[in-house]
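Notes to accompany the following structure.
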Amino acid sequence: MFIKTNVFIFIISFLFIQNSEIFCQQTGSLRGFLTDSTNGEAIIYANVVIKDVDRGSSTDKNGYFFIPAIPPGKRTVIISYLGYTTKTVSAVIIDGKITELDLKLSPSSIKLNELQVVADKMVRQNETDLGLQKITAKEIEYTPANVESDVFKIIQASPGVSSTGDVTSRYYVRGGGGDQNEVLLNGVTLYNPFHALGIFSSIDPEMISGLEFYKGGFEPKYGNRLSSILNVITKDGNKNEFAATGQASMLAGKLMLEGPIPDGSFIVTARKSYYTDILKNFLNDKSAPFDFYDLSFKVNYSNPYFDKGSKFIVHGFYSNDFINNNNPLKENYLTENLILGGIWRRVWSSPLFSVFNVSYSGYKAKVDANLSEAKPRENTLDDISMNFDFTYVYQSKDELQFGVQNKFLSSSLKQENLLNKTTTFDQTGWDLSIYFNYKFYRWEKVGLDLGFRSKLSGLSKNRPFLIEPRFSFTYLPSSLIAFKFAGGWYSQEVVTLTNENELISIYEPWIIVPNYLNSPQAIHLITGIKTYFTENLTLEVETYYKSVSNLFDVNSRKYDARFFDYKNLDGESYGADAQLKLNSSPLYFTASYSLSWSFKIDEGYKFSPRYDRRHTVNILLAYDLGADWETSATWNFASGMPFTPVAGFYDRLYNENDPPYYFNDNFIPSTIWGNKNSKRLPVYHRMDLSLSKKLQIHLADITLGVSVINIYNRQNIFYFDKKTGEQINMLPVMPSAFVKVKI
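FYI, the numbering for the sequence shown is 1 to 743, going by our numbering.
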């Protein structure tokens, strides 16, 4: 390990030396943070450019920007972002120095002006961001809610993403399973980001500043997942004044408090469900006694006299879901998440930006059987992580990213089998990884990322040393089109025990891959074309191929104790995605199409997983009607999902030890299944509408909203009852309303 670490340090040192002569050139740099003038929140993904010089940048998830290689002198800086008034300021650039410039923008409903267009043309287009989708808080608001606003609805509408229907917020990316997607909340893994059996997100959209969604080919900084990374960026809280926001929908009520503290700010949110008939429609259960709530907070501190350039953050999150049947003949379910974390973010005197992140993430799932036929089960997972991440920007415009990531995991699984014998599966492991990524941005028409992620110590004791190479390439033959290519090697050592036959998954335990199995690994190959028809109208087309080995699955062919409970499968997926996007006030429009094939291979038998959909179409239209009225509509279409048909039944003798299923005389009907997932349900489609109005009454800002799910009452099939053959449908036409008050 000592030799490997020294090689890593040597590579980084070499690149510093290789670029050192560039500092002698006649250029300077500009950096700073961009915030909202009304509340001090960071403005992410905004444009900051130097007029009359081919230099520009976009703010990152922290609102931070850095523009290198600027000729010295007095320069005009243009700052622009949709929904804000474009601003022009002056900055003096000094040879060999970094000029600090913190900026503020004021909200505005004025359409894009000429300066905005100029700024967009200057922003760097050779970024190697294939597979990355950046989503703002406003785009989340555009999506009509399923009764309760949900961050995952806009993810499900992204190209390359599929879902299994109306009654779930779970998503599947380019043929990968649900546990192959990682959700990061302020850089910390959230193992169960869902409420109500997966129907809604447990992350309150009011807390969110923006999203970074990597659908594949993600950079070396991210690992431990095969399919996707969703990085959730939360707000810091109002730095100017205290504010309170309350909201009530037909399913839940929530409260958000935010305000300034000495040299910082805070934000706290709380949400609680109140049991109504709405939830019964989602669950197809008229007696489900379901309850959920979540809490989150974030505190920021930054004092230039204490430590100039530093920002300290403490944050936390807790969610709880509970099904209490109040009946000893029925089982109860409990799911909990807990996150606590601290972040030290620093801008150094050199062009170096660093983030130190220490965190704890806990997950618990439990089934209390009571006197029911269910078996008691319990799962806990504890994750303690410590990460050091660095970004260095050269005057050549190149970037160097490197870091060290530590993760200590402990998982425990207790369950009772059919013989009433309790088994326990406990595992602990330490994952020590380093990563390195060099971004070549020195060429105007070419962008190139070369990097790797290396596991020095895996979670399981028999995991070998593993290097995961990553690369990404962009070529711009003109300012109107970009060709992109990316690929990499990915691995995952933490998985869920998922029963694909469960239509709504109530209990999904997380475990470290057992030592007798190999860890899942995947190879991504992605190509793409991005066309800029105008500054606000773009078309992106991507094709992908994903080869997966050692997929973790339950051993359905276990006949006795001689066989292991779990096994490895292989798989592959391939397809193409396209998205047309128009973002020009007062109109926002996206249309996406996905063509996908996904397969698993079990001892030579090839089949499609249940979430595989051949064709998917998603259309979103949002329009600002003026006078504080806004409306939006979505239309979704998808091919039918696979299912395993019933081939017939046979009678077997009744035994007094058998559970009391329905039977006739002395025989019990048993099912004969056809080939796994060999049939498909009919096509799925539906349309949702929403309308909102903002009012101001005295000191209160009030928003009233209504939405209608499945407005033309499409009878989409959820499943066929295995015993009766009855068709069970998804959601019918369903109106809902909400009111939000901010003071």
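Ideal placement from N, C-alpha and C gives every residue a C-beta, glycine not left out.
For residue j and residue i, the rounded distance between their alpha carbons
i                 : j                 : result
asparagine 568    : phenylalanine 599 : 14 Å
arginine 31       : leucine 101       : 6 Å
glutamine 696     : alanine 633       : 25 Å
glycine 447       : threonine 703     : 44 Å
methionine 641    : serine 678        : 10 Å
glutamine 405     : serine 433        : 5 Å
glycine 362       : threonine 380     : 7 Å
glutamate 182     : valine 151        : 15 Å
aspartate 368     : arginine 174      : 35 Å
serine 585        : glycine 626       : 11 Å
tryptophan 629    : serine 505        : 39 Å
aspartate 721     : isoleucine 343    : 50 Å
phenylalanine 393 : isoleucine 78     : The residue asked about is misnamed: residue 393 is valine in this sequence, not phenylalanine. The alpha-carbon atoms of valine 393 and isoleucine 78 are separated by roughly 21 Å.
glycine 187       : leucine 211       : 12 Å
isoleucine 203    : aspartate 95      : 46 Å
glutamine 415     : glutamate 378     : 6 Å
serine 58         : isoleucine 261    : 29 Å
proline 68        : phenylalanine 322 : 53 Å
serine 590        : alanine 482       : Position check: residue 590 holds threonine in this sequence, whereas serine was assumed. Each residue's alpha carbon lies about 20 Å from the other.
threonine 531     : leucine 480       : 6 Å
glutamate 41      : aspartate 426     : 43 Å
glycine 28        : phenylalanine 390 : 21 Å
tyrosine 490      : leucine 456       : 15 Å
methionine 687    : lysine 254        : 27 Å
asparagine 231    : leucine 185       : 6 Å
lysine 397        : glycine 56        : 10 Å
aspartate 382     : serine 410        : 5 Å
Enclosing beta strand (DSSP E) for residue i [first to last residue]
i                 : result
aspartate 752     : No answer is possible for residue 752: the residues shown for the chain start at 1 and end at 743.
phenylalanine 402 : 399-416
glycine 488       : 481-491
aspartate 391     : Note on identity: in this sequence residue 391 is threonine, with aspartate being the wrong assignment. Note, threonine 391: beta strand (DSSP E), 377-393.
tyrosine 84       : It is not in any beta strand (DSSP E) - tyrosine 84 carries neither H nor E in the DSSP assignment.
glutamate 540     : 537-554
arginine 470      : 466-478
tyrosine 507      : Neither: tyrosine 507 is in no beta strand (DSSP E) and is coded neither H nor E.
asparagine 62     : Asparagine 62 -> no beta strand (DSSP E), and no H or E assigned at all.
leucine 101       : That residue, leucine 101, is in no beta strand (DSSP E); it is neither H nor E in DSSP.
asparagine 357    : 352-368
Supposed contact pair residue j and residue i - C-beta distance, whole angstroms, cut 8 Å
i                 : j                 : result
serine 273        : tyrosine 293      : 7 Å
phenylalanine 33  : tyrosine 64       : 6 Å
serine 249        : phenylalanine 200 : The Cβ separation is near 10 Å, so there is no contact.
lysine 134        : tyrosine 45       : 5 Å
serine 108        : glycine 83        : 7 Å
phenylalanine 213 : isoleucine 140    : Between isoleucine 140 and phenylalanine 213 the Cβ distance is about 12 Å, and since that is not below 8 Å, they are no contact.
isoleucine 233    : serine 209        : 5 Å
glycine 753       : leucine 691       : An answer regarding residue 753 cannot be provided, because it is not within the stretch 1 to 743 covered by the chain.
leucine 105       : isoleucine 43     : 6 Å
valine 541        : glycine 528       : 6 Å
Beta-carbon proximity list for residue i, same chain, < 6 Å, skipping 5 on both sides
i              : result
tyrosine 259   : Note that residue 259 corresponds to glycine in the displayed sequence, not to tyrosine. If we look at glycine 259 and ignore the five residues flanking it on each side, its Cβ neighbours are Asn238 and Phe242.
tyrosine 360   : Leu340 and Ile384
proline 159    : Asp577, Gln579, Ser592 and Ser594
threonine 128  : Gly447, Asp449, Ser472 and Thr474
isoleucine 313 : Asn300 and Ile343
tyrosine 545   : Leu525 and Tyr574
leucine 338    : Tyr318 and Gly362
asparagine 387 : Asn357 and Gln405
lysine 330     : Ser372
Where the alpha helix (DSSP H) containing residue i begins and where it ends
i                 : result
aspartate 307     : 304-307
phenylalanine 152 : 152-156
alanine 145       : Where alanine 145 is concerned, there is no enclosing alpha helix (DSSP H), given that its DSSP letter is neither H nor E.
Contacts around residue i, its chain only, beta-carbon distance under 7 Å, and the 5 residues preceding and following it disregarded
i              : result
isoleucine 717 : Leu681, Pro682, Gln727 and Asn729
aspartate 179  : Val495, Thr496 and Thr498
aspartate 602  : Leu569
tyrosine 142   : Tyr588, Leu620, Ala622 and Ser632
Sequence-distant residues of its chain with Cβ nearer than 8 Å to residue i (five each side left out)
i              : result
isoleucine 3   : Interpretation of isoleucine 3 is limited by its pLDDT of 48, a score under 50 that renders its predicted location unreliable; the figure taken from the coordinates is listed afterwards. Around isoleucine 3: no qualifying Cβ.
asparagine 713 : Pro732 and Val733
valine 739     : Gln247, Ala248, Ile702, Thr703, Leu704 and Gly705
Taking contact to mean 3 or more Cβ pairs, one atom from each stretch, closer than 8 Å, check whether the region 338-352 and the region 309-325 are in contact. yes
Are three or more beta carbon pairs between the region 420-439 and the region 532-542 nearer than 8 Å? no
Pair every Cβ in the region 206-226 with every Cβ in the region 477-495, then say whether three or more of these pairs are closer than 8 Å. yes
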